[in-house]
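So for the sequence shown, our numbering puts the first residue at 219; every next one is plus one.
Even glycine gets a Cβ: it sits at the ideal position worked out from N, Cα and C.
Predicted model, so just to flag it, every value in this text is computed and none were measured.
Step one of this worksheet: look at the structure below.
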Amino acid sequence: MSASNHSPQTLRRELGWFGATTMGLGSVIGVGIFVSLGLAAALSGYAVIGALVVAGILQVANSLNLAQLAASHPVSGGIYEYGYKYLNRWFGFTGGWMYLLGKTAVAATAALGFSSYLINTIGISESFLVPIAEIAVLGLTIVVLGGMRRSKVATTVILSVTLFSLFFLIIAGGFVLSQRGFLPVTFAEIDLKTGLKNFLESVALLFVAYNGPARITMLGEEITEPRKNIPKAVLITLAITTVIYVGVALVSLGTIGANALGIASEQAAPLEVVAESLGIPGAKTLLAIGAITATLSVLLSVILGLSRLLLAMGRRGDMPKLVAQLNADGTTPYWAVIFISVAIGLLVLTGDVKTTWSLSAFGSLWRCGIVGLAALRLSDEQRLYPVWMSLFALFSGLFLAFWIEWQVWLIGLGLIVVGLVWHFVAFKLKETVDLPQTSND
Numbered sequence: 219m220s221a222s223n224h225s226p227q228t229l230r231r232e233l234g235w236f237g238a239t240t241m242g243l244g245s246v247i248g249v250g251i252f253v254s255l256g257l258a259a260a261l262s263g264y265a266v267i268g269a270l271v272v273a274g275i276l277q278v279a280n281s282l283n284l285a286q287l288a289a290s291h292p293v294s295g296g297i298y299e300y301g302y303k304y305l306n307r308w309f310g311f312t313g314g315w316m317y318l319l320g321k322t323a324v325a326a327t328a329a330l331g332f333s334s335y336l337i338n339t340i341g342i343s344e345s346f347l348v349p350i351a352e353i354a355v356l357g358l359t360i361v362v363l364g365g366m367r368r369s370k371v372a373t374t375v376i377l378s379v380t381l382f383s384l385f386f387l388i389i390a391g392g393f394v395l396s397q398r399g400f401l402p403v404t405f406a407e408i409d410l411k412t413g414l415k416n417f418l419e420s421v422a423l424l425f426v427a428y429n430g431p432a433r434i435t436m437l438g439e440e441i442t443e444p445r446k447n448i449p450k451a452v453l454i455t456l457a458i459t460t461v462i463y464v465g466v467a468l469v470s471l472g473t474i475g476a477n478a479l480g481i482a483s484e485q486a487a488p489l490e491v492v493a494e495s496l497g498i499p500g501a502k503t504l505l506a507i508g509a510i511t512a513t514l515s516v517l518l519s520v521i522l523g524l525s526r527l528l529l530a531m532g533r534r535g536d537m538p539k540l541v542a543q544l545n546a547d548g549t550t551p552y553w554a555v556i557f558i559s560v561a562i563g564l565l566v567l568t569g570d571v572k573t574t575w576s577l578s579a580f581g582s583l584w585r586c587g588i589v590g591l592a593a594l595r596l597s598d599e600q601r602l603y604p605v606w607m608s609l610f611a612l613f614s615g616l617f618l619a620f621w622i623e624w625q626v627w628l629i630g631l632g633l634i635v636v637g638l639v640w641h642f643v644a645f646k647l648k649e650t651v652d653l654p655q656t657s658n659d
C-alpha cells in the first residue's frame, strides 16, 4: 500500500491512431482557419498564400520532431517532459511554461471566436461577447471532467460538423469561382510592398494554425502503441489540415479578396463574410455552424491537453501536487482541469483576439525551438528523421518569434522570466522539504 501512495498515478492507454488523429484535428482546425487566416491576410495581402506554405513547412519539421520525441518517450506532458529528459530542468520548465501560456491564449481566442460567430449568427448585441465565451469555457470544463472517452466522443461529433462546413465552402466556392473565371485577381498581383516584416509576421501567426500535432504528443501516455501511432497520427493530421487550409485560403481570396478578408477578421468572423459572398442560400448559416463547432472543438482539446501538462508538472513538483491528483477511475486530473479553465476564463476577459493569438504564436515558436534542440539529443536508435530537420526547426522557430509585434514578444519574454523565477523558488523549496525526509530515512 505504501508504495502505491508514493508512486505517481498513470493514465490508461485508450487512444489508437484514429482517436489521436481526431484529437489532433479537433485541436488545430478551428481558430487557425476561422480567425488567423484573416489576421494574416490583413498583414500580407495575397502573399498570405506563400505565408501559409512557409508556416506549413516549418510545422512539418516541428511536428516530426515532436513525433520522434513522443515515440521515444511516450508520457503525458509533451515538450515539458522532453525538455527535462533530453536537455535540463530549465529547458523543460520553459517549454512547459510557454505551452501553458500559449495554449491558454489559443483557448481564450477560441472562446471569443465562438462567441463572435454565434453573435453574428443569431443577431444579438456584441456586449454579450465575453459572457457567452465564459459560458462556453464552463460548459466544456464539465465535459472534460467527465473523462477521456466523453471528451473523445464530443470532439469527434464537433469535428464532423466542422469538416463538413469547410468542405462545403471549398467545393461550393470552387464551383462559384469557376463560373466567375476562377479568381477575380491573379496571384501576379500579390503586393510585395507590404514588406518582409509583414510577411514574416503572417508566417508566425499562421504557424500556430498548424499546431494540432503538439496536442497529440501531450496525450502520449494515453495512446496505444505510441512509437507507431503517434507519428502516424501526426502526419495524417498535417496532411488533412494542409489540404483544408489551402482550399479555404484560395476560395477566400478568390471571392472577397485579401483586403476584405483582413477587415472581416477584426470581428473574428471572416469566413462568414466569404460564405455570404457566394450567394448560395444557407451558406452563411452552415459556415457559421461549422465555425461555432470548430472553435468549441479547439477549446475542448486545449482544456484537455493543458490539464495533462499540469498533471506532469504537478508530478515533478513544478506546480502544486494538487494538480496531479486523478479521479477514482484514473481518467481525469480534475484539479488540473479546473485550474486551466479558470486561467482561460481570466484571459477571455481581455476580449482582444489579435493580442491573444499573437501571444500564442510567440509561445508556439519558442516551443518549436526547444523541441528542435531536444530532438538533436536523440540517439541514432531513437531518431526517426534527419538531423537537419531538428536544426531547421530550432533556428526558424526562434527567428520568427521576434517578428511578432514587439509589445507582444516583450510581454512573452517577461512571462518567461517570471516563470523561471517561479521555477527557481519552487526548486529551492522542494530541496528544503526533501532534506529532512532524506535524513530521517
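Cα-Cα separation between residue i and residue j, rounded to whole angstroms
i: Ser-334; j: Ala-258; result: 18 Å
i: His-291; j: Asp-570; result: 37 Å
i: Trp-553; j: Arg-585; result: 25 Å
i: Glu-419; j: Gly-475; result: 20 Å
i: Lys-502; j: Val-639; result: 49 Å
i: Phe-382; j: Ile-441; result: 27 Å
i: Val-469; j: Phe-393; result: 10 Å
i: Leu-528; j: Val-643; result: 18 Å
i: Gly-234; j: Pro-444; result: 9 Å
i: Ala-288; j: Ile-448; result: 7 Å
i: Leu-594; j: Tyr-603; result: 10 Å
i: Leu-255; j: Asn-283; result: 25 Å
i: Lys-303; j: Ala-422; result: 28 Å
i: Lys-648; j: Ile-267; result: 50 Å
i: Ala-269; j: Phe-386; result: 24 Å
i: Ser-281; j: Phe-425; result: 11 Å
i: Thr-404; j: Ser-396; result: Annotation note: pLDDT 47 at Thr-404 (below 50); position unreliable, no value reported.
i: Gly-413; j: Ala-467; result: 20 Å
i: Leu-633; j: Ile-498; result: 47 Å
i: Ile-481; j: Ala-326; result: 21 Å
i: Leu-596; j: Phe-309; result: 16 Å
i: Leu-524; j: Val-375; result: 21 Å
Where the alpha helix (DSSP H) through residue i begins and ends
i: Leu-261; result: 255 to 262
i: Leu-319; result: 307 to 340
i: Gly-301; result: 297 to 304
i: Ala-579; result: 571 to 593
i: Pro-449; result: 444 to 473
i: Asn-280; result: 266 to 290
i: Asn-416; result: 413 to 425
i: Arg-526; result: 501 to 534
i: Leu-565; result: 552 to 566
i: Pro-349; result: 347 to 363
i: Met-686; result: Any property of residue 686 remains undetermined from this structure, which presents the chain solely from 219 to 659.
i: Ala-493; result: 488 to 495
Integer Cβ distance of residue i from residue j, believed to fall under 8 Å
i: Ile-337; j: Leu-347; result: 6 Å
i: Gln-286; j: Gln-600; result: 7 Å
i: Phe-619; j: Phe-580; result: First, the residue type needs correcting, since residue 619 is Ala and not Phe in the sequence shown. Yes, they are in contact, since the Cβ atoms of Ala-619 and Phe-580 sit about 5 Å apart, within 8 Å.
i: Leu-505; j: Leu-358; result: In fact, because the Cβ distance is near 22 Å, the residues do not count as touching under 8 Å.
i: Leu-540; j: Val-362; result: Between Val-362 and Leu-540 the Cβ distance is about 17 Å, and since that is not below 8 Å, they are no contact.
i: Gly-587; j: Gly-615; result: 4 Å
Cβ-Cβ distance between residue i and residue j below 9 Å
i: Leu-609; j: Gly-590; result: yes
i: Thr-322; j: Val-520; result: yes
i: Pro-551; j: Leu-544; result: yes
i: Leu-384; j: Gly-465; result: yes
i: Thr-459; j: Leu-243; result: yes
i: Ser-262; j: Asn-416; result: yes
i: Val-566; j: Leu-330; result: yes
i: Val-324; j: Val-249; result: yes
i: Val-516; j: Ile-247; result: yes
Candidates the options, of which the one nearest residue i by Cα
i: Ala-427; options: Gly-274, Ala-509, Tyr-317; result: Gly-274
i: Arg-534; options: Ile-342, Phe-311, Thr-650, Gly-256; result: Phe-311
i: Thr-568; options: Ser-262, Leu-261, Ala-351; result: Ala-351
i: Leu-564; options: Asn-280, Pro-349, Gly-237, Leu-261; result: Pro-349
i: Trp-621; options: Thr-650, Gly-632, Leu-583; result: Leu-583
i: Leu-496; options: Met-607, Val-355, Ala-390, Ala-467; result: Ala-390
i: Ala-265; options: Leu-471, Ser-576, Val-246; result: Leu-471
i: Phe-236; options: Ser-576, Ile-434, Ile-251, Val-636; result: Ile-434
i: Trp-575; options: Phe-252, Ile-481, Thr-240, Ile-353; result: Phe-252
i: Gly-364; options: Leu-522, Phe-617, Ile-558, Thr-573; result: Leu-522
i: Val-635; options: Ser-559, Gly-313, Glu-623; result: Gly-313
i: Glu-623; options: Thr-650, Lys-646, Leu-577, Met-607; result: Leu-577
i: Val-272; options: Tyr-463, Asp-598, Ser-559, Ala-328; result: Tyr-463
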